[in-house]
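>
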Amino acid sequence: MPATLTVETPAGETHELTAEPGAVLRDVLLEADLSPHGRYATRLNCGGRGICATCGVRLAEPPDPDHWHDDLADRFGYPRLSCQLQVQDGMRVKLLEKRVWGSRQSGDGTD
């Protein structure tokens, strides 16, 4: 049974997507023409290997980190890497406006 996820763009548009549970979030976003990369990183990225940190997104309810970058992101308030996240039903994702990388989270965690 496909998973449903909600994606909010930096412009405030909301998109409902369906994907196989466990699919790589970065791949699902790219297939839907909702790139998690900033404009400079669209071509210059690691291709989903978790080393360039340009595909960061915010999640309403992030899972426990299981990748070294996501562990640090969780600890210091940085975006989570969409290439290291698996789609789960009900997932809510916020794409970030960014030049190259995402920025630290400020305030109450809703940024």
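Per the numbering used here, the very first residue in the sequence shown carries number 285; after that it's consecutive. All C-beta atoms, glycine included, are put in the ideal place defined by N, C-alpha and C.
1. In the DSSP assignment, find the unbroken beta strand (DSSP E) run with residue 376 in it and report its ends.
2. Within 10 Å of its beta-carbon, does residue 374 have 16 or more other beta-carbons around it, so buried, or fewer, so exposed?
3. Looking only at its chain, what residues have a beta carbon closer than 6 Å to the beta carbon of residue 339, apart from the 5 residues adjacent to it on each side?
4. Would you identify the three-state DSSP class for residue 370, choosing helix, strand or coil?
5. If I follow the unbroken alpha helix (DSSP H) through residue 312, where does it start and stop?
6. Here's the rule: buried if 16 or more other CB atoms are within 10 angstroms of the residue's CB, otherwise exposed. What is residue 356?
7. Taking only three categories from DSSP, how would you classify residue 298?
8. Whole angstroms is fine: what's the gap from residue 290's alpha carbon to residue 343's?
9. My understanding is that residue 293 touches residue 302, with C-beta atoms under 8 Å, so please give their C-beta distance in whole angstroms.
10. Taking all protein chains shown into account, decide if residue 317 is buried (16 or more other Cβ within 10 angstroms of its Cβ) or exposed.
Answer, in terms of the structure:
1. 376-379
2. exposed
3. 310, 320, 321, 365, 366 and 367
4. strand
5. 309-315
6. exposed
7. strand
8. 10 Å
9. At roughly 18 Å, the Cβ-Cβ gap does not stay under 8 Å, so residue 293 and residue 302 are not in contact.
10. exposed
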